[in-house]
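In the working numbering, the protein residues as written are -19 to 385.
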(Lines of atoms letter the chains of each structure in order from A and count residues from 1; the text may use other names and numbers.)
(Lines give C-alpha, C1' and ligand atoms only; values in the text may rest on other atoms or scores of the structure.)
Protein backbone atom coordinates (compact mmCIF):
# COMPACT_ATOMS: atom_id res chain seq x y z
CA UNK A 1 0.00 0.00 0.00
CA UNK A 2 1.39 3.42 -0.96
CA UNK A 3 2.40 5.85 1.78
CA UNK A 4 0.12 8.78 2.48
CA UNK A 5 1.55 11.95 1.00
CA UNK A 6 2.00 15.33 2.68
CA UNK A 7 0.71 18.51 1.08
CA UNK A 8 2.18 21.80 2.23
CA UNK A 9 0.51 25.17 1.79
CA UNK A 10 2.60 28.33 2.19
CA UNK A 11 1.63 31.96 1.69
CA UNK A 12 3.43 34.66 -0.27
CA UNK A 13 1.35 37.80 0.16
CA UNK A 14 -2.06 37.03 -1.37
CA UNK A 15 -0.77 33.86 -3.07
CA UNK A 16 -1.04 30.41 -1.50
CA UNK A 17 1.48 27.93 -2.92
CA UNK A 18 0.81 24.17 -2.81
CA UNK A 19 3.67 21.66 -2.61
CA UNK A 20 4.14 17.94 -2.16
CA UNK A 21 6.82 16.67 0.22
CA UNK A 22 9.20 13.97 -1.04
CA UNK A 23 9.60 11.74 2.01
CA UNK A 24 12.81 10.24 0.64
CA UNK A 25 14.70 13.54 0.43
CA UNK A 26 12.65 16.21 2.21
CA UNK A 27 12.44 18.24 -1.00
CA UNK A 28 9.29 20.07 -2.09
CA UNK A 29 7.66 19.88 -5.52
CA UNK A 30 5.57 22.88 -6.56
CA UNK A 31 2.04 21.83 -7.56
CA UNK A 32 -0.06 24.97 -8.01
CA UNK A 33 -0.97 28.32 -6.50
CA UNK A 34 -4.20 30.16 -5.81
CA UNK A 35 -4.91 33.82 -5.15
CA UNK A 36 -6.76 35.17 -2.11
CA UNK A 37 -8.65 38.48 -1.90
CA UNK A 38 -5.80 40.00 0.16
CA UNK A 39 -2.64 38.86 1.99
CA UNK A 40 -2.96 35.57 3.85
CA UNK A 41 -3.02 35.94 7.64
CA UNK A 42 -3.80 32.48 9.05
CA UNK A 43 -5.25 29.13 8.01
CA UNK A 44 -7.01 26.14 9.56
CA UNK A 45 -7.77 22.69 8.13
CA UNK A 46 -11.17 21.02 8.51
CA UNK A 47 -10.87 17.59 10.15
CA UNK A 48 -12.53 16.00 7.10
CA UNK A 49 -9.30 16.77 5.21
CA UNK A 50 -11.17 18.31 2.29
CA UNK A 51 -11.22 22.00 3.17
CA UNK A 52 -8.77 24.69 4.24
CA UNK A 53 -10.05 27.97 5.67
CA UNK A 54 -7.82 31.02 5.25
CA UNK A 55 -8.25 34.53 6.64
CA UNK A 56 -6.89 37.34 4.49
CA UNK A 57 -6.61 41.10 4.91
CA UNK A 58 -5.09 44.25 3.46
CA UNK A 59 -3.97 45.09 6.99
CA UNK A 60 -0.93 43.85 8.83
CA UNK A 61 1.09 44.37 12.00
CA UNK A 62 0.19 47.85 13.32
CA UNK A 63 -2.16 48.42 10.34
CA UNK A 64 -5.88 47.70 10.78
CA UNK A 65 -6.72 47.64 7.05
CA UNK A 66 -10.26 47.71 5.68
CA UNK A 67 -10.71 44.57 3.51
CA UNK A 68 -10.92 41.36 5.52
CA UNK A 69 -12.19 37.99 4.28
CA UNK A 70 -12.47 34.29 5.08
CA UNK A 71 -11.98 31.91 2.15
CA UNK A 72 -13.07 28.26 1.92
CA UNK A 73 -10.66 26.29 -0.24
CA UNK A 74 -11.03 22.73 -1.50
CA UNK A 75 -7.97 20.50 -1.14
CA UNK A 76 -7.55 18.20 -4.15
CA UNK A 77 -7.00 14.65 -2.86
CA UNK A 78 -4.65 13.85 -5.75
CA UNK A 79 -1.96 16.46 -5.07
CA UNK A 80 -3.19 18.94 -2.44
CA UNK A 81 -3.76 21.86 -4.82
CA UNK A 82 -6.27 24.45 -3.62
CA UNK A 83 -9.34 25.93 -5.31
CA UNK A 84 -12.07 28.29 -4.15
CA UNK A 85 -15.42 26.58 -3.54
CA UNK A 86 -17.43 29.72 -2.79
CA UNK A 87 -17.15 33.47 -2.68
CA UNK A 88 -14.91 34.65 0.19
CA UNK A 89 -16.96 35.95 3.12
CA UNK A 90 -16.35 39.17 5.06
CA UNK A 91 -14.77 39.30 8.50
CA UNK A 92 -15.22 42.23 10.90
CA UNK A 93 -11.46 42.93 11.19
CA UNK A 94 -8.02 41.61 10.24
CA UNK A 95 -7.85 38.12 11.69
CA UNK A 96 -4.52 37.23 13.30
CA UNK A 97 -5.60 33.66 14.10
CA UNK A 98 -8.50 31.31 13.43
CA UNK A 99 -9.56 27.82 14.48
CA UNK A 100 -12.59 25.55 14.25
CA UNK A 101 -14.78 25.14 17.31
CA UNK A 102 -15.20 21.78 19.04
CA UNK A 103 -17.79 20.33 16.66
CA UNK A 104 -16.42 22.02 13.51
CA UNK A 105 -19.58 24.10 13.09
CA UNK A 106 -17.94 27.54 13.31
CA UNK A 107 -14.66 29.25 12.53
CA UNK A 108 -13.51 31.30 15.53
CA UNK A 109 -11.52 34.37 14.53
CA UNK A 110 -9.65 36.89 16.66
CA UNK A 111 -8.21 40.31 15.83
CA UNK A 112 -6.05 42.80 17.69
CA UNK A 113 -6.30 45.96 15.55
CA UNK A 114 -9.02 46.47 16.88
CA UNK A 115 -9.41 43.74 19.48
CA UNK A 116 -12.33 41.46 18.65
CA UNK A 117 -13.68 37.94 18.26
CA UNK A 118 -16.11 36.62 15.64
CA UNK A 119 -17.87 33.38 14.69
CA UNK A 120 -18.30 32.25 11.08
CA UNK A 121 -20.85 29.41 10.76
CA UNK A 122 -19.92 26.42 8.57
CA UNK A 123 -22.76 25.19 6.33
CA UNK A 124 -23.50 21.56 5.46
CA UNK A 125 -21.18 21.72 2.44
CA UNK A 126 -18.30 22.85 4.67
CA UNK A 127 -18.38 26.46 3.43
CA UNK A 128 -17.64 29.26 5.91
CA UNK A 129 -20.14 32.10 6.15
CA UNK A 130 -19.66 35.76 7.09
CA UNK A 131 -18.09 36.47 10.47
CA UNK A 132 -20.43 37.62 13.24
CA UNK A 133 -18.78 39.85 15.85
CA UNK A 134 -19.26 38.66 19.42
CA UNK A 135 -20.04 41.05 22.31
CA UNK A 136 -16.92 40.25 24.35
CA UNK A 137 -15.40 43.72 24.72
CA UNK A 138 -13.04 44.01 27.65
CA UNK A 139 -12.57 40.24 28.04
CA UNK A 140 -10.03 39.50 25.27
CA UNK A 141 -7.00 40.91 27.04
CA UNK A 142 -4.38 43.10 25.37
CA UNK A 143 -2.97 42.16 21.95
CA UNK A 144 -4.56 38.71 21.47
CA UNK A 145 -2.62 36.54 19.05
CA UNK A 146 -3.96 32.97 19.09
CA UNK A 147 -7.24 31.16 19.66
CA UNK A 148 -7.63 27.44 20.40
CA UNK A 149 -10.30 25.06 21.66
CA UNK A 150 -9.33 23.39 24.94
CA UNK A 151 -9.45 19.57 24.67
CA UNK A 152 -12.94 18.45 25.57
CA UNK A 153 -14.49 21.13 23.38
CA UNK A 154 -16.31 23.12 26.07
CA UNK A 155 -13.88 26.00 26.49
CA UNK A 156 -12.00 28.28 24.10
CA UNK A 157 -8.78 30.05 25.06
CA UNK A 158 -7.53 33.31 23.56
CA UNK A 159 -3.81 33.90 24.08
CA UNK A 160 -3.20 37.61 24.75
CA UNK A 161 0.42 38.75 24.86
CA UNK A 162 0.04 42.21 26.38
CA UNK A 163 2.91 44.66 25.95
CA UNK A 164 6.28 44.44 27.69
CA UNK A 165 7.51 47.19 29.96
CA UNK A 166 10.17 48.12 27.40
CA UNK A 167 7.79 48.41 24.44
CA UNK A 168 6.44 51.65 22.98
CA UNK A 169 2.86 50.73 24.01
CA UNK A 170 3.69 49.04 27.30
CA UNK A 171 3.26 48.05 29.90
CA UNK A 172 0.08 45.98 29.60
CA UNK A 173 -0.48 42.54 31.17
CA UNK A 174 -0.68 39.29 29.26
CA UNK A 175 -3.34 36.65 29.88
CA UNK A 176 -5.02 33.43 28.78
CA UNK A 177 -8.65 34.49 28.29
CA UNK A 178 -11.25 31.72 28.58
CA UNK A 179 -14.66 31.53 26.90
CA UNK A 180 -17.59 29.14 26.62
CA UNK A 181 -19.59 28.70 23.45
CA UNK A 182 -23.28 28.78 24.38
CA UNK A 183 -26.17 28.71 21.90
CA UNK A 184 -24.07 30.00 19.04
CA UNK A 185 -22.35 32.80 20.91
CA UNK A 186 -19.18 33.23 22.97
CA UNK A 187 -19.42 34.00 26.70
CA UNK A 188 -16.47 35.00 28.93
CA UNK A 189 -15.41 32.30 31.41
CA UNK A 190 -12.50 33.92 33.27
CA UNK A 191 -8.81 34.38 32.61
CA UNK A 192 -5.38 33.24 33.76
CA UNK A 193 -2.73 35.90 34.39
CA UNK A 194 0.07 34.78 36.72
CA UNK A 195 1.56 37.65 38.71
CA UNK A 196 -1.20 39.90 37.42
CA UNK A 197 -0.06 39.27 33.85
CA UNK A 198 3.31 40.98 34.41
CA UNK A 199 6.18 39.24 32.59
CA UNK A 200 3.58 36.95 30.99
CA UNK A 201 3.91 37.73 27.28
CA UNK A 202 1.94 34.67 26.14
CA UNK A 203 1.97 34.25 22.35
CA UNK A 204 1.21 30.61 21.44
CA UNK A 205 0.10 27.39 23.11
CA UNK A 206 -0.50 23.75 22.29
CA UNK A 207 -1.98 20.80 24.15
CA UNK A 208 -0.64 17.34 24.93
CA UNK A 209 -2.52 14.76 22.79
CA UNK A 210 -3.31 12.41 25.70
CA UNK A 211 -2.35 14.11 28.99
CA UNK A 212 -4.08 17.12 30.65
CA UNK A 213 -1.25 19.60 30.02
CA UNK A 214 -1.05 22.88 28.06
CA UNK A 215 2.29 24.33 26.92
CA UNK A 216 2.49 28.11 26.55
CA UNK A 217 5.27 30.06 24.87
CA UNK A 218 6.03 33.45 26.40
CA UNK A 219 7.18 35.61 23.48
CA UNK A 220 8.78 38.53 25.28
CA UNK A 221 10.32 36.39 28.04
CA UNK A 222 11.59 33.57 25.77
CA UNK A 223 10.18 30.90 28.03
CA UNK A 224 8.04 27.76 27.89
CA UNK A 225 5.47 27.28 30.65
CA UNK A 226 3.32 24.20 31.30
CA UNK A 227 -0.13 24.41 32.90
CA UNK A 228 -2.24 21.45 34.00
CA UNK A 229 -5.82 21.02 32.75
CA UNK A 230 -8.73 20.10 34.98
CA UNK A 231 -12.30 19.39 33.83
CA UNK A 232 -11.59 20.87 30.42
CA UNK A 233 -10.12 24.10 31.80
CA UNK A 234 -6.58 25.43 32.07
CA UNK A 235 -5.68 25.79 35.75
CA UNK A 236 -3.82 28.92 36.91
CA UNK A 237 -0.73 27.38 38.54
CA UNK A 238 2.21 26.65 36.21
CA UNK A 239 4.03 23.37 36.84
CA UNK A 240 7.11 24.11 34.66
CA UNK A 241 8.86 27.33 33.61
CA UNK A 242 11.90 26.93 31.32
CA UNK A 243 13.96 29.14 29.01
CA UNK A 244 13.69 28.35 25.29
CA UNK A 245 17.10 29.88 24.51
CA UNK A 246 20.55 28.39 24.27
CA UNK A 247 22.12 31.66 25.48
CA UNK A 248 19.45 33.55 27.43
CA UNK A 249 22.01 35.94 28.89
CA UNK A 250 22.79 37.27 25.38
CA UNK A 251 19.19 37.96 24.29
CA UNK A 252 18.34 41.43 22.94
CA UNK A 253 14.85 43.02 22.57
CA UNK A 254 14.36 41.48 19.08
CA UNK A 255 14.92 37.97 20.47
CA UNK A 256 11.44 36.52 20.93
CA UNK A 257 9.81 33.13 21.36
CA UNK A 258 7.33 31.92 18.75
CA UNK A 259 5.05 29.02 17.94
CA UNK A 260 4.79 25.92 20.16
CA UNK A 261 3.93 22.40 18.91
CA UNK A 262 3.60 19.07 20.69
CA UNK A 263 4.76 15.95 18.84
CA UNK A 264 1.78 13.77 17.77
CA UNK A 265 3.04 10.95 20.01
CA UNK A 266 3.20 13.31 23.00
CA UNK A 267 6.89 12.58 23.57
CA UNK A 268 8.33 16.00 22.70
CA UNK A 269 7.35 19.66 22.58
CA UNK A 270 9.03 22.18 20.27
CA UNK A 271 9.29 25.95 20.63
CA UNK A 272 10.57 28.41 18.05
CA UNK A 273 13.17 31.07 18.85
CA UNK A 274 13.11 34.11 16.55
CA UNK A 275 15.58 36.96 15.97
CA UNK A 276 15.53 39.56 13.17
CA UNK A 277 17.17 42.71 14.59
CA UNK A 278 19.43 44.79 12.34
CA UNK A 279 22.10 47.41 12.83
CA UNK A 280 22.04 50.98 11.50
CA UNK A 281 23.03 49.69 8.03
CA UNK A 282 20.17 47.19 7.87
CA UNK A 283 22.42 44.18 8.47
CA UNK A 284 21.22 41.34 10.68
CA UNK A 285 23.13 41.58 13.94
CA UNK A 286 22.64 38.03 15.13
CA UNK A 287 20.53 36.10 17.59
CA UNK A 288 18.93 32.68 17.91
CA UNK A 289 16.72 31.45 15.07
CA UNK A 290 16.26 27.92 16.29
CA UNK A 291 13.93 25.10 17.28
CA UNK A 292 14.13 24.37 21.01
CA UNK A 293 13.57 20.64 21.64
CA UNK A 294 12.02 19.51 24.93
CA UNK A 295 11.60 15.85 25.89
CA UNK A 296 8.39 15.06 27.78
CA UNK A 297 8.31 12.54 30.62
CA UNK A 298 5.41 10.26 31.49
CA UNK A 299 3.59 13.12 33.22
CA UNK A 300 4.10 15.51 30.29
CA UNK A 301 6.79 17.55 32.06
CA UNK A 302 9.37 18.99 29.63
CA UNK A 303 13.16 19.09 29.86
CA UNK A 304 15.32 20.90 27.32
CA UNK A 305 17.49 18.58 25.20
CA UNK A 306 18.91 20.90 22.54
CA UNK A 307 18.52 23.46 19.75
CA UNK A 308 18.46 23.12 15.96
CA UNK A 309 18.77 26.12 13.56
CA UNK A 310 15.59 26.83 11.58
CA UNK A 311 17.57 27.44 8.37
CA UNK A 312 16.44 31.06 8.04
CA UNK A 313 15.25 34.20 9.81
CA UNK A 314 12.19 34.62 12.05
CA UNK A 315 10.13 31.42 11.73
CA UNK A 316 6.54 32.57 12.29
CA UNK A 317 4.86 29.20 11.72
CA UNK A 318 5.84 25.54 11.65
CA UNK A 319 4.02 22.23 11.43
CA UNK A 320 4.50 18.51 12.17
CA UNK A 321 2.90 15.81 10.02
CA UNK A 322 0.48 13.36 11.70
CA UNK A 323 3.02 10.51 11.62
CA UNK A 324 5.48 12.59 13.64
CA UNK A 325 8.26 11.96 11.11
CA UNK A 326 8.40 15.38 9.40
CA UNK A 327 8.60 18.98 10.51
CA UNK A 328 8.24 21.93 8.14
CA UNK A 329 9.32 25.44 9.18
CA UNK A 330 8.39 28.73 7.49
CA UNK A 331 11.19 31.28 7.89
CA UNK A 332 9.30 34.51 7.36
CA UNK A 333 11.75 37.36 6.87
CA UNK A 334 14.61 38.21 4.48
CA UNK A 335 17.71 39.74 6.02
CA UNK A 336 21.10 40.92 4.78
CA UNK A 337 23.90 39.33 6.77
CA UNK A 338 27.50 40.47 7.33
CA UNK A 339 29.42 40.15 4.09
CA UNK A 340 26.49 41.31 1.96
CA UNK A 341 24.66 38.05 1.28
CA UNK A 342 20.90 37.91 1.72
CA UNK A 343 19.07 35.19 3.61
CA UNK A 344 15.69 34.98 1.83
CA UNK A 345 12.36 33.83 3.28
CA UNK A 346 12.15 30.06 3.04
CA UNK A 347 10.34 26.84 3.80
CA UNK A 348 12.66 24.32 5.48
CA UNK A 349 12.03 20.60 5.96
CA UNK A 350 13.31 18.41 8.80
CA UNK A 351 13.12 14.69 9.49
CA UNK A 352 12.19 13.72 13.04
CA UNK A 353 13.90 10.63 14.41
CA UNK A 354 13.09 8.55 17.49
CA UNK A 355 15.05 10.96 19.70
CA UNK A 356 12.84 13.86 18.54
CA UNK A 357 15.70 15.92 17.11
CA UNK A 358 14.81 17.74 13.85
CA UNK A 359 17.40 16.75 11.22
CA UNK A 360 17.66 19.39 8.43
CA UNK A 361 16.85 18.08 4.95
CA UNK A 362 16.11 20.91 2.49
CA UNK A 363 15.69 24.69 2.62
CA UNK A 364 13.53 26.10 -0.19
CA UNK A 365 13.84 29.89 -0.67
CA UNK A 366 10.62 31.82 -1.16
CA UNK A 367 9.36 33.05 -3.52
CA UNK A 368 10.48 30.02 -5.45
CA UNK A 369 10.32 31.95 -8.71
CA UNK A 370 9.67 35.64 -8.06
CA UNK A 371 11.41 37.19 -5.06
CA UNK A 372 12.65 40.74 -5.63
CA UNK A 373 15.54 41.07 -3.21
CA UNK A 374 15.93 44.77 -4.01
CA UNK A 375 12.60 45.33 -2.25
CA UNK A 376 13.03 42.73 0.46
CA UNK A 377 13.00 45.22 3.33
CA UNK A 378 9.72 47.02 2.81
CA UNK A 379 8.39 46.87 6.39
CA UNK A 380 5.36 44.60 6.80
CA UNK A 381 4.75 44.50 3.04
CA UNK A 382 3.62 40.88 3.37
CA UNK A 383 4.57 40.35 -0.28
CA UNK A 384 8.05 38.90 0.26
CA UNK A 385 7.49 36.70 3.27
CA UNK A 386 6.02 33.37 4.38
CA UNK A 387 3.43 34.74 6.79
CA UNK A 388 1.54 31.44 7.20
CA UNK A 389 2.24 27.81 6.40
CA UNK A 390 0.46 24.55 7.20
CA UNK A 391 0.35 20.93 6.08
CA UNK A 392 -2.12 18.09 5.70
CA UNK A 393 -1.90 14.41 4.82
CA UNK A 394 -3.04 12.91 1.50
CA UNK A 395 -4.99 10.88 0.44
CA UNK A 396 -7.98 11.33 2.70
CA UNK A 397 -9.57 8.45 4.52
CA UNK A 398 -13.10 8.38 5.88
CA UNK A 399 -11.70 9.50 9.23
CA UNK A 400 -8.92 11.91 8.37
CA UNK A 401 -5.92 12.22 10.64
CA UNK A 402 -5.33 15.53 12.45
CA UNK A 403 -3.48 18.18 10.52
CA UNK A 404 -0.96 20.74 11.66
CA UNK A 405 -1.60 24.46 11.54
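Glycine included, each C-beta is placed from N, C-alpha and C at the ideal position. In this text the structure is predicted, and so the values were computed from the model without any measurement.
Which listed residue (the options) has its alpha carbon closest to that of residue i
i: residue 7; options: 159, 13 and -1; result: -1
i: residue 389; options: 61, 83, 109 and 26; result: Shown here, the chain extends from -19 to 385; a query on residue 389 therefore has no answer.
i: residue 390; options: 366, 176, 150 and 220; result: For residue 390 there is no data in the structure shown, the boundaries of the chain being -19 and 385.
i: residue 26; options: 3, 82 and -3; result: 82
i: residue 60; options: 160, -10 and 87; result: -10
i: residue 115; options: 165, 144 and 133; result: 165
i: residue 9; options: 18, -3, 15 and 20; result: -3
i: residue 105; options: 65, 132 and 93; result: 65
i: residue 22; options: 297, 13, 305 and 130; result: 297
i: residue 95; options: 119, 111 and 87; result: 119
i: residue 184; options: 159, 137 and 211; result: 137
i: residue 431; options: 30, 97 and 314; result: The first residue shown for the chain is -19 and the last is 385, placing residue 431 beyond what the model contains.
i: residue 254; options: 262, 261, 232 and 260; result: 232
i: residue 266; options: 224, 315 and 4; result: 315
i: residue 87; options: 129, 262, 39 and 217; result: 129
i: residue 252; options: 244, 260, 2 and 284; result: 284
i: residue 31; options: 180, 55, 47 and 44; result: 55
i: residue 76; options: 111, 29, 125 and 47; result: 125
i: residue 171; options: 163, 208, 322 and 214; result: 214
i: residue 29; options: 47, 216, 210 and 302; result: 302
Backbone secondary structure at residue i - three-state DSSP
i: residue 199; result: coil
i: residue -13; result: strand
i: residue 439; result: Because the chain spans -19 through 385 in this model, residue 439 falls outside it and cannot be assessed.
i: residue 311; result: strand
i: residue 269; result: coil
i: residue 324; result: coil
i: residue 92; result: strand
i: residue 257; result: coil
i: residue 29; result: coil
i: residue 124; result: strand
i: residue 176; result: helix
i: residue 186; result: strand
i: residue 24; result: strand
i: residue 245; result: coil
i: residue 218; result: coil
i: residue 167; result: strand
i: residue 87; result: strand
i: residue 73; result: coil
i: residue 372; result: strand
i: residue 117; result: coil
i: residue 135; result: strand
i: residue 264; result: strand
i: residue 46; result: coil
i: residue 238; result: strand
i: residue 387; result: Because the chain spans -19 through 385 in this model, residue 387 falls outside it and cannot be assessed.
Residues near residue i in its chain [Cβ-Cβ closer than 7 Å; skip 5 each side]
i: residue 289; result: 269 and 270
i: residue 143; result: 122, 123, 149, 150, 151 and 152
i: residue 11; result: -2, -1, 0, 59, 60 and 61
i: residue 145; result: 151
i: residue 169; result: 135, 158, 159 and 160
i: residue 312; result: 294, 295, 296, 325, 365, 366 and 367
i: residue 178; result: 153
i: residue 176; result: 153
Same chain, Cβ closer than 6 Å to residue i, five either side skipped, listed in chain order
i: residue 121; result: 140, 155 and 157
i: residue 241; result: 186, 250 and 300
i: residue 307; result: 300, 330, 332 and 338
i: residue 188; result: 242, 246 and 280
i: residue 131; result: 187
i: residue 17; result: 36, 49 and 68
Within 9 Å, strictly: CB atoms of residue i and residue j
i: residue 50; j: residue 35; result: yes
i: residue 89; j: residue 78; result: yes
i: residue 371; j: residue -14; result: yes
i: residue 329; j: residue 292; result: no
i: residue 69; j: residue 100; result: yes
i: residue 182; j: residue 197; result: yes
i: residue 264; j: residue 345; result: no
i: residue 37; j: residue 53; result: no
i: residue 272; j: residue 369; result: no
i: residue 235; j: residue 202; result: yes
i: residue 237; j: residue 200; result: yes
i: residue 340; j: residue 365; result: no
i: residue 212; j: residue 135; result: yes
i: residue -12; j: residue 15; result: no
i: residue 42; j: residue 93; result: yes
i: residue 304; j: residue 244; result: yes
Beta-ladder partner(s) of residue i, from DSSP
i: residue 62; result: 55
i: residue 300; result: 307
i: residue 339; result: 331
i: residue 102; result: 108
i: residue 275; result: 248 and 283
i: residue 161; result: 166
Neighbourhood of residue i by C-beta distance below 8 Å, restricted to the same chain and skipping five residues each side
i: residue 282; result: 195, 204, 206, 220, 222, 249, 274, 275 and 276
i: residue 228; result: 202
i: residue 437; result: Outside the shown range of the chain, which is -19 to 385, sits residue 437, and nothing can be said about it.
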